[in-house]
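Visitor:
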Amino acid sequence: MDKKKLVILYIISSIIWIYGSNYLIQEFIPTPYIHLLERLKEILYIIVTGGFIYFYINKQQELMVSREDQNRLSTLINSMVDFVNFKDGEGRWIETNDYGLKLFQLEHVDYRGKKDSELAHYTEFYANVLKSVEQSDEQAWKNGKILRIEEVLPLPNGSWKTFDTIKVPLFHADGSRQGLVIISRDITEKREMAKQLAESQQQYKSLFEYSPDIVYMLDLNGIITNLNPHFEVITGFKREAMIGTSITTLLPKKYKRFLTSFISSVVENGKPIVYEMSFPHANGTNITLQCTSLPIIVNGQITGIIGYGRDVTALRATEERLRRTEKLSVVGELSASVAHEIRNPLTSLKGFVQLLQMEDGKHQYYYQIMLDELDRINHIVSELLLLAKPQHFKFSIASIQKLLNDVVSLLSSEAIYYNVRIDSFFHEENLYIECEPNQLKQVFINILKNAIEASEKGGTVTIELAKSVDEQVLITVKDNGYGISKERLEKIGEPFYSSKEKGTGLGLTVSFKIVQTHNGTIRFTSQKNQGTSVQITLPIKQDHSNKKVVQNLHSRS
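All you need for the numbering used here is the position in the sequence shown, starting with 1, plus 244.
1) Could you pull out every unbroken beta strand (DSSP E) segment of at least 3 residues lying fully inside the stretch 296 to 351, listed in chain order?
2) From the DSSP secondary-structure annotation, give me the bridge partner or partners of Gln-760.
3) Does Ala-438 come out as helix, strand or coil in the three-state DSSP assignment?
4) How many whole angstroms separate the CB atoms of Ile-431 and Phe-407, which I take to be in contact at a CB cut-off of 8 Å?
5) In three-state terms, what does DSSP make of Thr-529?
6) Out of Ile-290, Gly-488 and Tyr-448, which one is the CA nearest neighbour of Leu-462?
7) Kindly indicate which three-state DSSP category Arg-421 falls into: helix, strand or coil?
8) Closer than 7 Å by C-beta to Gln-422: which residues in its own chain qualify, once you throw out the five before and the five after it? Chain order, please.
9) Consult DSSP for Gln-716 and reduce its assignment to one of helix, strand or coil.
10) Buried or exposed: which applies to Gly-264, given that a residue is buried once 16 or more other Cβ atoms fall within 10 Å of its Cβ?
11) Taking 8 Å as the threshold (C-beta atoms), are Pro-524 and Ile-530 in contact?
12) How would you call Thr-275, buried or exposed, if buried means at least 16 neighbouring beta carbons within 10 angstroms?
13) With 16 as the cutoff for other CB atoms within 10 Å, does Ile-297 come out buried or exposed?
14) Between Lys-594, Tyr-343, Tyr-355 and Arg-336, which lies nearest to Thr-319 when the distance is taken from Cα to Cα?
15) So what's Ile-252 in DSSP terms, helix, strand or just coil?
16) Would you mind working out which of Asn-472, Thr-532, Val-597 and Ala-698 sits nearest Pro-456, comparing C-alpha positions?
17) Just list the residues that DSSP pairs Lys-711 with in beta bridges.
18) Does the structure place the stretch 756 to 765 close enough to the stretch 648 to 661 that three or more beta carbon pairs sit under 8 Å?
19) For Ala-659, count the other beta carbons within 10 Å of its own beta carbon; 16 or more makes it buried, fewer makes it exposed. Which is it?
20) In the DSSP assignment, the beta strand (DSSP E) including Tyr-460 goes from what residue to what residue?
21) How would you call Tyr-355, buried or exposed, if buried means at least 16 neighbouring beta carbons within 10 angstroms?
22) Quick check on Gln-601 - is its C-beta less than 8 Å from some C-beta in chain D?
23) Are three or more beta carbon pairs between the stretch 301 to 308 and the stretch 321 to 341 nearer than 8 Å?
24) Name the residue from Lys-449, Thr-769, Val-754 and Glu-697 whose alpha carbon lies nearest to the alpha carbon of Arg-732.
25) Considering only their Cβ atoms, is the gap separating Glu-734 from Thr-720 smaller than 8 Å?
26) Roughly how many angstroms lie between the CA atoms of Gly-751 and Arg-620, to the nearest whole one?
27) Locate the alpha helix (DSSP H) running through Ser-653, then write down its first and last residues.
28) Can you tell which of Arg-568, Arg-283 and Gln-786 has the C-alpha that lies nearest to the C-alpha of Glu-678?
29) Does the Cβ of Leu-566 have 16 or more other Cβ atoms within 10 Å, making it buried, or fewer, making it exposed?
30) How many whole angstroms separate the CB atoms of Gln-716 and Ile-784, which I take to be in contact at a CB cut-off of 8 Å?
31) Taking Thr-704 as the reference, which of Phe-688, Ser-729 and Ile-666 has the closest Cα?
32) DSSP three-state label for Val-705, please.
33) Buried or exposed: which applies to His-798, given that a residue is buried once 16 or more other Cβ atoms fall within 10 Å of its Cβ?
34) Looking at the secondary structure, which residues open and close the alpha helix (DSSP H) in which Leu-733 lies?
35) For the candidate residues Ala-526, Lys-646 and Glu-697, whose alpha-carbon lies nearest to that of Glu-672?
36) For Thr-765, which residues in the same chain have their Cβ closer than 6 Å to its Cβ, ignoring the five residues on either side in sequence?
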């Protein structure tokens, strides 16, 4: 009832009360009591009307407070970025925010007092969604406790939104339904970010776990914080044992003193640093690692170092072989151009010296020196031609023991001359390999002759023959001579490099070439004043496809 009607009703009821009560008093009340009743009537009227006015004012104030609370609630929920909805015990909408109305396309609908199924008639696109909401509401009622679910909502543009929905059922003291509070938060971006983060972590894990190179992480104190599984494959060390230890436990001594400056340079420059280093393998050998290190930056702060190490040992060995092959190619071209030109006049010189030796008996000593030197020149030219001309090997099955015994017999007189003993330790059973026997004899002669000449008087040269598990034979020649320095050891096999006063360096060059053609390897190890060990590894059976390739390469050089 509005205020105007209320005032008119008050005036009419007051007039009726005044005139009606006066009429009744005048008609039915004795005269002596009229004055008293009129006063009582007025007092009663004042009390009754005052009570009504007091009740009305209180109700108005309660209504104002209720409206203010409603306005505050409306302001609060409309300021929220979540969907907020209040329902009564029957599931009818009481209040919702603008976000929810816009979400379900109900901006211009009088939603209060309507259920979700009734509101479905006002939004065709979300009709099925609103109908399904009633089912989840019923589930919350039945559970009697807070229900938290994830709901996926389609959008008109074809995309989807994911909501984290909380439904809180409210009950009266007697257990009957009082209301339902629904709060739904849009977590689409959060889910997408979580998905991207998971994908990023998976990509990082794949890169870390399955990288063919070593991936390492260090803190700023040089402590290893993580290593990928390929660390074990490349170095032979267990990564679990290395994580948590200082990198200095793995580094060779010559690198340890540079660790602090290395970490400082990575931190200060903030850029990748590429370097190459020799790294110890668990089996005692060394490998060559090409490393790239860069800083780990978290929240703008450098917290450590991450990097990867690529095993380039085989690559560097291939480059070294290529470098030697190029040198052989140059030597071969030079040899081919000058060897024949030297041999022609050499034949004439040797013939005339022999003629003079026959006719002049007085200077025989000098003639013999000239012939020896001419023979030496002829030997050098022969070695040059061996490098220059293409070698077409004819492989056959031969006993490696017999080849070695022939070489020992051939050089026994030279060993006696140098007062050196040759000890042989061969495999009990005969070992047969596919090879070019004469070429291998040349290799063994060069190696054994060098060992004899390098040994001290009274020394011993040891020849050992063994069969390895990978279908290869291993020939080891050891002497106890003066040894080879590390600098000279790196140049072993290069043309025209020799530690002998009259050596040409071509003997080992030819030997390397022959062994390489046999798909084998030669490895020199030596310590100063303790002797030298030469290990020759040869396959028992040849890979003829590789043999053809090698022969072609030699032909081109």
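From the three backbone atoms N, C-alpha and C, an ideal C-beta is built for every residue, glycine too.
Guide: Walking through what the data contain:
1) 327 to 332 and 337 to 340
2) In DSSP, Gln-760 forms no bridge with anything.
3) Three-state result, Ala-438: helix.
4) 7 Å
5) coil
6) Gly-488
7) If DSSP states are grouped into helix, strand and coil, Arg-421 belongs with the strands.
8) Gly-333, Leu-414, Phe-415 and His-416
9) strand
10) Exposed, by the Cβ-count rule.
11) The question names Ile, but residue 530 is Asn in the sequence shown. Going by C-beta atoms, Asn-530 is nearer than 8 Å to Pro-524.
12) exposed
13) exposed
14) Tyr-343
15) helix
16) Asn-472
17) Looking at the DSSP assignment, Lys-711 forms a beta bridge with Val-717.
18) no
19) buried
20) 458 to 463
21) Tyr-355 comes out buried.
22) Going by chain labels, chain D is absent from the structure shown, which holds only one protein chain.
23) no
24) Thr-769
25) no
26) 13 Å
27) Segment 644 to 661, the alpha helix (DSSP H) holding Ser-653.
28) When the alpha-carbon of Glu-678 is set against those of Arg-568, Arg-283 and Gln-786, the nearest one is in Gln-786.
29) Burial call: exposed.
30) 6 Å
31) Ile-666
32) strand
33) The predicted position of His-798 is uncertain, since its pLDDT is 41 and thus under 50; a value taken from the coordinates is nonetheless stated next. Buried is the call here.
34) Start and end: 730 to 733.
35) Lys-646
36) Thr-781
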